[in-house]
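Right, one structure below, let's go through it.
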Amino acid sequence: MKKRSNIIRMIKGNQGAAALTLVIISLVVVSILIFGAIETISTMQRTFSSAYISTKSTTSIVQGNLMSILRHSATWDNIVNSNPSLDCIKNHTACPISPSEIQRVRVESIDIIETTNPNLGYSLGGDVCMTYTDPADLNCVFKPRIQWEPICTSPCIDPAVRILVDLQPKAQLIETYHLNPENLKFSEPK
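Numbering-wise, the sequence shown is residues 6 to 195 according to the working numbering.
This is the structure we're talking about:
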């Protein structure tokens, strides 16, 4: 009991030192918490940045794959023959000056674009998928909208053609990676 009262008397006698010790301990604890929070935020930023870069490079791959397919002469002939909006090219008649929808693109009996099928889309890996309308499926995330536009002035017969592609991402992809859908539009001469 005597030892305990000596300790209490020592603490009471050294209140300034005890207060300073308490302040130092508090600062150490707060510093550890701050550094932990900074590390957590930094990790989250690296993860988000990595996922964003991955998504951006994936969109470039999908864009490149689509353009490669669309530029192929056999595919283009199939597109011209199976899309009424391209009848003017097929029939060598005057084409409208404005962009027109390409409704269907088939490659080796597989639809890669079909505007009447709302489920058809593309995965982040650039593969055709059939679950675009399923909000729970985060693998099938792009719906391409493809148009063609003649490069000419009126009258526009047998024109050169520009292909316009708009990769329409699912809302979840926009929210997760803060994508600007305007950055997913591109065009190239055929």
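Even for Gly, the Cβ is constructed at its ideal location relative to N, Cα and C.
{"Query": "Burial state of L32, where buried means 16 or more other Cβ atoms lie within 10 Å", "Result": "exposed"}
{"Query": "Close Cβ partners of F191 (< 6 angstroms) along its chain, the five nearest in sequence each way excluded", "Result": "Q68 and V170"}
{"Query": "L125 and V146 closer than 8 angstroms at C-beta", "Result": "no"}
{"Query": "Separation of T26 from L184, as counted between CA atoms", "Result": "51 angstroms"}
{"Query": "Proximal residues to A165 (C-beta, below 8 angstroms), its chain only, five neighbours per side dropped", "Result": "P155, I156, C157, P194 and K195"}
{"Query": "Rounded separation between S78 and E44 - CA only", "Result": "53 angstroms"}
{"Query": "Per DSSP, the bridge partner or partners of K95", "Result": "In the DSSP output, where bridge partners are listed per residue, K95 has none listed."}
{"Query": "Spatial neighbours of H97 in its chain, beta-carbon cut-off 8 angstroms, leaving aside the 5 residues before and after", "Result": "I162 and D163"}
{"Query": "Residue nearest to R111 in terms of C-alpha spacing, selected from I84, Y137, Y127 and D142", "Result": "I84"}
{"Query": "Whether Q152 touches E106 by CB criterion (8 angstroms)", "Result": "yes"}
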